[in-house]
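Asker:
Protein chains: 4
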Amino acid sequence: MSKRVPYQLVSRSWKPEPTTFTVNGVEIGKELMMIAGPCAVENEEQIFTITEFLSKLNIKFLRGGAYKPRTSPYSFQGLKSEGLKLMRRAADKFGMAVVTEIMSIDKIDELVQYADILQVGTRNMQNYPLLRALGKINKPVLLKRGMSNTIEEWLLAAEYILSGGNSKIILCERGIRTFETATRNTLDISAVPIAKSLSHLPIIIDPSQGTGARDMIIPMSRAGIAAGADGLIIEVHNQPEEALSDGDQSLYLDQFQEMLDPLSKMANVLNKSFDFQAVVSPIENN
Amino acid sequence: MSKRVPYQLVSRSWKPEPTTFTVNGVEIGKELMMIAGPCAVENEEQIFTITEFLSKLNIKFLRGGAYKPRTSPYSFQGLKSEGLKLMRRAADKFGMAVVTEIMSIDKIDELVQYADILQVGTRNMQNYPLLRALGKINKPVLLKRGMSNTIEEWLLAAEYILSGGNSKIILCERGIRTFETATRNTLDISAVPIAKSLSHLPIIIDPSQGTGARDMIIPMSRAGIAAGADGLIIEVHNQPEEALSDGDQSLYLDQFQEMLDPLSKMANVLNKSFDFQAVVSPIENN
Amino acid sequence: MSKRVPYQLVSRSWKPEPTTFTVNGVEIGKELMMIAGPCAVENEEQIFTITEFLSKLNIKFLRGGAYKPRTSPYSFQGLKSEGLKLMRRAADKFGMAVVTEIMSIDKIDELVQYADILQVGTRNMQNYPLLRALGKINKPVLLKRGMSNTIEEWLLAAEYILSGGNSKIILCERGIRTFETATRNTLDISAVPIAKSLSHLPIIIDPSQGTGARDMIIPMSRAGIAAGADGLIIEVHNQPEEALSDGDQSLYLDQFQEMLDPLSKMANVLNKSFDFQAVVSPIENN
Amino acid sequence: MSKRVPYQLVSRSWKPEPTTFTVNGVEIGKELMMIAGPCAVENEEQIFTITEFLSKLNIKFLRGGAYKPRTSPYSFQGLKSEGLKLMRRAADKFGMAVVTEIMSIDKIDELVQYADILQVGTRNMQNYPLLRALGKINKPVLLKRGMSNTIEEWLLAAEYILSGGNSKIILCERGIRTFETATRNTLDISAVPIAKSLSHLPIIIDPSQGTGARDMIIPMSRAGIAAGADGLIIEVHNQPEEALSDGDQSLYLDQFQEMLDPLSKMANVLNKSFDFQAVVSPIENN
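Chains as they are written, first to last, in the numbering used here: chain A, 7 to 292; chain B, 7 to 292; chain C, 7 to 292; chain D, 7 to 292.
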């Protein structure tokens, strides 16, 4: 990286101590956070089934797309307002916080009403008017790395939000675009220690989007935590083969449950802990 | 490219004949178009000087940024409304059409008032709410390729606009992101024949953004036309070394003038012509 | 590009005037050179048919693989010595020079005996023992750019040959590896003006390998010449659909012939000329 | 990855059980292996100091370059035969095995005499004559992934060696080339689970070459092991700031020692163990 540091508020030299803030009882940036849920909210039964399952594992953050950015205008675009409301009801019933994507300024008022964390997707990482607007809200922002953006550009995107007054930002590495064709993207685990060294912001990884392949989610989740990530965001579905989007990269519910115990043990070695840890064992004994 | 064709309206199999439409007397898609001007509108003297110069060369399209997407929030962000008004006045005085960038939905009304062609920049190529909104306006859209987007994704972005009802779209290749560090981007000339084979839309190239280096603009302009492009968009500045942005990739006025004659001759060999052709020679004789 | 210049003999600041040398009557680096022929020598009838056809168009350089580097050990690996001898006989009969690939030091003696120009392929661009050995021979070397090598690394590979004493080097851009999947590689036309500005060596382009698609060879050939290349290397086959390798990126004989006239006219505009020019017209009149 | 499987012997469908073989008492492919040592052998004192230190930590594999592939012909090219002999003497004295790079066929006889594992570097991954020759030797080959090669191409390179009769192959991911400039390469941790799923061969990672930055070696080593790698290869130097090559990406001796204990604990969680584990603690108590 060039020696010049074109960002300021986002940099660790400006603020040496890690940024932490609490959402739904989890001190993000200190405790590991686990965000799980379907790619998209599809209907009431789907979202309630998944949410109930996750809540029993003590997962605190529910992901789910209501407004979906799709490469083709003819693909399923999400349930929009209806999806938001379903997710909010499910989350409220089972004690979870809602993480969902914001695509344009004119939806901010609605999103702020239904979501606890607003996610900026890879295609909007350099949508500067949107970033500026998110600097003015009082909700945390999960800022995904653009799929071909340098870490410097990513931190500068966070600077847009920070300079507007909102310092509750979670960085999220979600895979970069390379020549490799064996995976949908190349999940750049090295972004974790780099971002940690340059910035005080928490950083999590997305092994579902980052690989596009169910079988790789578990090893890459472990790798991310081992590299120092502050959490994970994972796609889980009760019926992946019937999902309206991204079924191939969603874990089955039992796969998700089984990955938690070894992940917790690995986190322990690194002196970090996942909140779900204690809950998992009894379920395994069923 | 995969055999499946996920787009429809944009494809040549849907509409075999080339799309053409006329702006400021130029039949885009049939005649070669030349768009020139500064990276950003900076002040009245600058924009009027450049516009007058270009108009004497019979250039019909004036480019200039008023709302500028910048990687850092602390960089010059453009003169905004003031810049738009200056550009409009200059263009009107010298008989040119205005091409400028649109960054968010809430500025569409203003842009439509002052500009003749609205440009979607590389960072917003997958800003789908914006693309949908541009499908509803009655002005041509210049759609730049995202700097790491495949040609398929680019055509699908155009499909968002087309499916909204606006078929006046100009594709613009502006350089892709590669491992190479000798240039700011790698201008992908091969995008021209590929896009031409897959789509009926006109396609131009941007050798200024696409290379980031003044010395490469002329050879890459020739290469683009030779490969079959329908035009060029080029950064020109009366004082590049004092430009508020992108001075290193702007041509001096006399460089721009000198490039026109050989370019015209090359275009003739390919049975295409630039409108400025006739005007250049007398100026060279001064 | 970094300001430090880690190479010396290859640089234009060391030797400002272009390097030129004559092979088979063509002054390479001054006159445009055209190399054509099949991907691989397959049998006597094939290579003699193609060679005779090319010679009638006054093409002076015959390409053809005898030792083939193949990604799979189970693919056709070339006719080896037999292929070399066939190509030499065909070339001698029709007055052409032979260009063929060298893959390892232990074949240099054999290759020097049968070939006029030794080609280093993309996979061996950083095979330094081979480059050093080629610095000691008295034959020109055609040095292809590695498919993911920077221009600086490419010039340093040439420096290995030059520093051994052999200054007859032709650089060849043959496509780089990017995220794009519509083409096999992305032919980097911008490498031409960059290499020209940094080095005195001649540079040609390979639109067959560089695109992997027959339909793109003609527009990309034009683009390369327009950008200032010193020549082309093109795959031509009398029966592309039956070729043992790379049939999809080989021109039919009549396609090759038809491309020559407009290419010559374009070259004329740039004050360069192809030797084949005069010959083409009478053939067209048949 | 395409469904067609162009390789055979290397694939897990051909041989479902993992390949294991024993070198210097370590069952590679089953036990985790740790290879450590300097980028290049520089002199007797250097290599003996480092080797002694590593042997006290029970490290079983010594790396060190004798023949060095360097981008510039004017950079330090290694001590060659002298370096090989020094490394062999040091390894013999302290009970270690030698891992060093082979660059050309004509050095195989010499390398086989002095080394226990022959390494094929990133620049030679597609040097097929060399790979074929290594298929005929009776020593294990450590095959690094080319810095821009797909996993399919990498496995096909291994197929060249396997099809020659040598099945003792260790794959090594060493960083791929991307647009990111914050690191020298992007260490592709996802290559570990992909290669594991497609092939029975052991795979290790190189976090020194793969990142080019000392501070990233420890987190990326952990990530690699967490993702399922069979070992690590790490650059260690007694005086990194005076190293003749790659000092910036070499660990200090005490850094290397300190990384072992947490790495062992992490490996334990995954039911794997590093041989050095027991030895570390007493040294830490000194």
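Note that beta-carbon positions come from the ideal geometry of N, C-alpha and C, so glycine has one too.
By the criterion of Cβ-Cβ separation under 7 Å, what are the contact partners of V275/B in chain C?
Answerer: Along the second sequence, read from residue 1 onward, the residue named residue 275/B stands at position 269. Correct list: P268, K271, M272, V275.
Asker: With respect to the beta strand (DSSP E) encompassing K150/D, which residues constitute its N-terminal and C-terminal limits?
Answerer: Locating residue 150/D in the fourth sequence gives position 144, where the first residue counts as 1. Per DSSP, K150/D belongs to the beta strand (DSSP E) from 147–150.
Asker: Measuring CB to CB, does G170/D end up less than 9 Å from L124/D?
Answerer: As a working mapping, residue 170/D is identified with position 164 in the fourth sequence. As a working mapping, residue 124/D is identified with position 118 in the fourth sequence. No.
Asker: According to the neighbour-count rule (16 or more other Cβ atoms, all chains shown, within 10 Å of its Cβ), is P213/A buried or exposed?
Answerer: Here residue 213/A refers to the residue found at position 207 of the first sequence. Label assigned to P213/A: buried.
Asker: Thinking K150/C and C178/C are a contact (beta carbons under 8 Å), I'd like their distance in whole angstroms, please.
Answerer: Numbered from its first residue, the third sequence carries residue 150/C at position 144. Numbered from its first residue, the third sequence carries residue 178/C at position 172. Contact flag correct, Cβ pair sits at about 5 Å.
Asker: Counting along the chain, where does the beta strand (DSSP E) carrying L85/A start and finish?
Answerer: As a first step, residue 85/A is located in the first sequence; it is residue number 79 there, counting from the start. First-last for L85/A: undefined, no H or E at that position.
Asker: Which residues in the same chain as A164/D place their Cβ atom closer than 6 Å to its Cβ, once the five residues preceding and following it in sequence are excluded?
Answerer: For the purposes of this step, residue 164/D is taken as the residue at position 158 of the fourth sequence. V16, L149, I175, listed in sequence order.
Asker: Just to confirm my understanding: we take P135/C, look at its own chain, exclude 5 residues before and 5 after, and list those with CB closer than 7 Å. What are they?
Answerer: Along the third sequence, one-based indexing puts residue 135/C at 129. Hits under 7 Å: I111.
Asker: Could you please give me the residues that DSSP links to C178/C through a beta bridge?
Answerer: Counted from its first residue, the third sequence places residue 178/C at position 172. Partner(s): K150/C, I210/C.
Asker: For G216/D, collect the residues of the same chain with a Cβ closer than 6 Å to its Cβ; drop the 5 residues on either side in sequence, then sort them by chain order.
Answerer: As a working mapping, residue 216/D is identified with position 210 in the fourth sequence. Result list for G216/D: R180, G181, N191, L193, in chain order.
Asker: Using a Cβ-Cβ cut-off of less than 9 Å, give me the residues of the segment 175–190 of chain C that come near chain A, in sequence order.
Answerer: Those residues of the segment 175–190 of chain C that come within reach of chain A (Cβ to Cβ, closer than 9 Å) are R183, T184, F185, T187.
Asker: Does the separation of the CB atoms of S256/C and H243/C fall below 9 Å?
Answerer: Here residue 256/C is taken as the residue at index 250 of the third sequence, counted from 1. Here residue 243/C is taken as the residue at index 237 of the third sequence, counted from 1. Yes. Within cutoff.
Asker: Just reading off the beta strand (DSSP E) that V32/A is part of, what are its end residues?
Answerer: Against the first sequence, residue 32/A aligns to sequence position 26. Residues 32–34.
Asker: Could you confirm whether any beta carbon from chain C is found closer than 9 Å to the beta carbon of N3/D?
Answerer: Outside the shown range of chain D, which is 7 to 292, sits residue 3/D, and nothing can be said about it.
Asker: Please list, in chain order, all residues of the same chain as T57/B whose beta carbon is under 7 Å from its beta carbon, the five residues on each side excluded.
Answerer: Within the second sequence, residue 57/B is the residue found at index 51, counting from 1. So the list reads L68, A96, A97, F100, M102, once near-sequence residues are dropped.
Asker: At the level of alpha carbons, what is the spacing between Q119/C and F280/C?
Answerer: For the purposes of this step, residue 119/C is taken as residue 113 along the third sequence, with counting starting at 1. For the purposes of this step, residue 280/C is taken as residue 274 along the third sequence, with counting starting at 1. Computed Cα separation, rounded: 28 Å.
Asker: Just list the residues that DSSP pairs S205/B with in beta bridges.
Answerer: Start at 1 with the first residue of the second sequence, and residue 205/B comes out as number 199. Per DSSP, S17/B.
Asker: By the 10 Å Cβ neighbour count, where 16 or more other Cβ atoms means buried, how is N172/C classified, buried or exposed?
Answerer: The residue given as residue 172/C occupies position 166 in the third sequence. Result: buried.
Asker: Which class does M265/B belong to by DSSP, given the choice of helix, strand or coil?
Answerer: Walking along the second sequence from the start, residue 265/B turns up at place 259. If DSSP states are grouped into helix, strand and coil, M265/B belongs with the helices.
Asker: In chain order, what residues of the same chain lie with their CB nearer than 6 Å to the CB of W20/C, ignoring the 5 residues before and after it?
Answerer: Looking up residue 20/C in the third sequence gives position 14. For W20/C, where only same-chain residues beyond five positions count, the Cβ hits under 6 Å are Q14.
Asker: Please list the partners that R228/C has in chain B, where partner means a Cβ-to-Cβ separation under 7 Å.
Answerer: By one-based count along the third sequence, residue 228/C stands at place 222. What R228/C touches in chain B: A232, A233.
Asker: To be precise: take each residue of the segment 131–165 of chain A, compare its Cβ to all Cβ atoms of chain B, and keep it if any distance is under 7 Å. Which residues remain?
Answerer: Within the segment 131–165 of chain A, the qualifying residues are Q132, N133, Y134, P135, M153, S154, E159, L162, E165.
Asker: Does the Cβ of D260/B have 16 or more other Cβ atoms within 10 Å, making it buried, or fewer, making it exposed?
Answerer: Translated into positions along the second sequence, residue 260/B becomes position 254. Looking at its Cβ environment, which holds fewer than 16 other Cβ atoms inside 10 Å, D260/B is exposed.
Asker: Alpha carbon to alpha carbon, how far is R183/A from P79/A?
Answerer: The count along the first sequence starts at 1 and reaches residue 183/A at position 177. The count along the first sequence starts at 1 and reaches residue 79/A at position 73. Computed Cα separation, rounded: 22 Å.
Asker: So, at 6 Å on beta carbons, what are the nonlocal neighbours of E186/B in its own chain, with the 5 sequence-adjacent residues on each side left out?
Answerer: By one-based count along the second sequence, residue 186/B stands at place 180. Once the five neighbours on either side are set aside, the close Cβ partners of E186/B are T192.
Asker: In or out: K113/B buried (at least 16 other Cβ within 10 Å) or exposed?
Answerer: As a first step, residue 113/B must be located in the second sequence, where it is residue number 107. K113/B comes out buried.
Asker: Buried or exposed for K142/B, please, with buried defined as at least 16 other CB atoms from any protein chain shown within 10 angstroms of its CB.
Answerer: As a first step, residue 142/B is located in the second sequence; it is residue number 136 there, counting from the start. When all chains shown are included, K142/B counts as exposed.
Asker: Kindly confirm or deny that the segment 33–43 of chain D and the segment 233–240 of chain D touch, where touching means at least three C-beta pairs closer than 8 Å.
Answerer: Touching, per the Cβ criterion.
Asker: Just the C-alpha distance for L63/D and L63/A, rounded to the nearest angstrom, thanks.
Answerer: For the purposes of this step, residue 63/D is identified with residue 57 of the fourth sequence, where counting begins at 1. For the purposes of this step, residue 63/A is identified with residue 57 of the first sequence, where counting begins at 1. Their Cα atoms are separated by approximately 41 Å.
Asker: Starting from the beta carbon of M222/C, find every residue of chain B whose beta carbon is closer than 8 Å, and list them in chain order.
Answerer: Walking along the third sequence from the start, residue 222/C turns up at place 216. Those within 8 Å of M222/C in chain B are S196, P199, I200.
Asker: I'd like the list of long-range same chain contacts for I82/B, defined as Cβ closer than 8 Å, with 5 residues on each side in sequence excluded.
Answerer: Here residue 82/B refers to the residue found at position 76 when the second sequence is read from its first residue. Note on residue identity: the sequence assigns Phe, not Ile, to residue 82/B. Counting only Cβ-Cβ distances below 8 Å, and skipping sequence neighbours, we find A46, K74, R76, L250, S251.
Asker: Rounded C-beta distance between L161/B and S205/B? I'm assuming under 8 Å.
Answerer: Stepping through the second sequence from its first residue, residue 161/B is reached at position 155. Stepping through the second sequence from its first residue, residue 205/B is reached at position 199. That belief holds up - the Cβ atoms of L161/B and S205/B are roughly 6 Å apart, short of 8 Å.
Asker: Short of 9 Å Cβ to Cβ, which residues in the segment 7–40 of chain C face chain D?
Answerer: Taking 9 Å as the Cβ-Cβ cut-off against chain D, the residues of the segment 7–40 of chain C that qualify are P12, Y13, Q14.
Asker: Mind listing the chain B neighbours of T217/C? Cutoff is C-beta to C-beta under 7 Å, in chain order.
Answerer: Taking the first residue of the third sequence as 1, we reach residue 217/C at position 211. The answer, in chain order, is S196.
Asker: Along the chain, which unbroken stretches of the beta strand (DSSP E) at least 3 residues long are found entirely within the segment 118–174 of chain C?
Answerer: Listed in chain order, the complete beta strand (DSSP E) runs (minimum 3 residues) inside the segment 118–174 of chain C are 123–126, 147–150.
Asker: Taking R220/D as the reference, give the member of I65/D, G234/D, T189/D with the closest Cα.
Answerer: Locating residue 220/D in the fourth sequence gives position 214, where the first residue counts as 1. R220/D has its Cα closest to that of T189/D, out of I65/D, G234/D, T189/D.
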